[in-house]
Amino acid sequence: MYSKSTVYIIGHAKTNTDNAITDHFKLFFIGFVVDVTTDEIIDLACTSTISTTERFIASIFVGRKLDDYYEHIEEEIKMRYFGSSQRAILVAYKEAIKKYIELKAKYY
Numbered sequence: 136m137y138s139k140s141t142v143y144i145i146g147h148a149k150t151n152t153d154n155a156i157t158d159h160f161k162l163f164f165i166g167f168v169v170d171v172t173t174d175e176i177i178d179l180a181c182t183s184t185i186s187t188t189e190r191f192i193a194s195i196f197v198g199r200k201l202d203d204y205y206e207h208i209e210e211e212i213k214m215r216y217f218g219s220s221q222r223a224i225l226v227a228y229k230e231a232i233k234k235y236i237e238l239k240a241k242y243y
């Protein structure tokens, strides 16, 4: 399904105690499939209780790069995503970038 030039990176974060994700999963996770030759996010999945949430979050990230922190992505999340996991998305995104940069430095 994915080419050999892709890697899978997961970022995670805590969510609010009143969040359904916390009740069900304990933490919020975003899994990014990234092409290491272009740094492009090819696919994404996340812990969510509503499938629309996962598709919406994917629409923000897929096609973008994971090679650095992009403030315009943060602004887009703040302007478009009004679920209780907004902060968790940003934290998971930042953690995934850190892991991805470390992975690229070590293996590529």
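Just so we're aligned: 181 in the numbering used here is position 46 of the sequence shown, and the numbers increase by one with no gaps anywhere.
Every residue gets a Cβ at the ideal spot worked out from N, C-alpha and C, and that includes glycine.
Beta-carbon contacts of residue i that lie in its chain and below 8 Å, excluding the five residues immediately before and after
i: residue 102; result: With the chain covering 136 to 243 only, the question about residue 102 has no answer from this structure.
i: residue 141; result: 168, 169, 170, 171 and 177
Spatially closest choice to residue i from the options, by CA coordinates
i: residue 220; options: 188, 167 and 176; result: 188
i: residue 230; options: 148, 139, 140 and 141; result: 148
i: residue 238; options: 136, 138, 144 and 218; result: 144
i: residue 137; options: 175, 240 and 163; result: 175
i: residue 200; options: 236, 241 and 162; result: 236
Residue i, enclosing beta strand (DSSP E) - first and last residue
i: residue 143; result: 141 to 148
i: residue 195; result: It is not in any beta strand (DSSP E) - residue 195 instead sits in the alpha helix (DSSP H) that spans 186 to 196.
i: residue 179; result: 175 to 181
Sequence-distant residues of the same chain with beta carbon closer than 7 Å to residue i, five excluded per side
i: residue 204; result: 229 and 232
> Taking the runs of the alpha helix (DSSP H) that are 4 residues or longer, which of them lie wholly in the region 203 to 236?
Replying inline: 206 to 215
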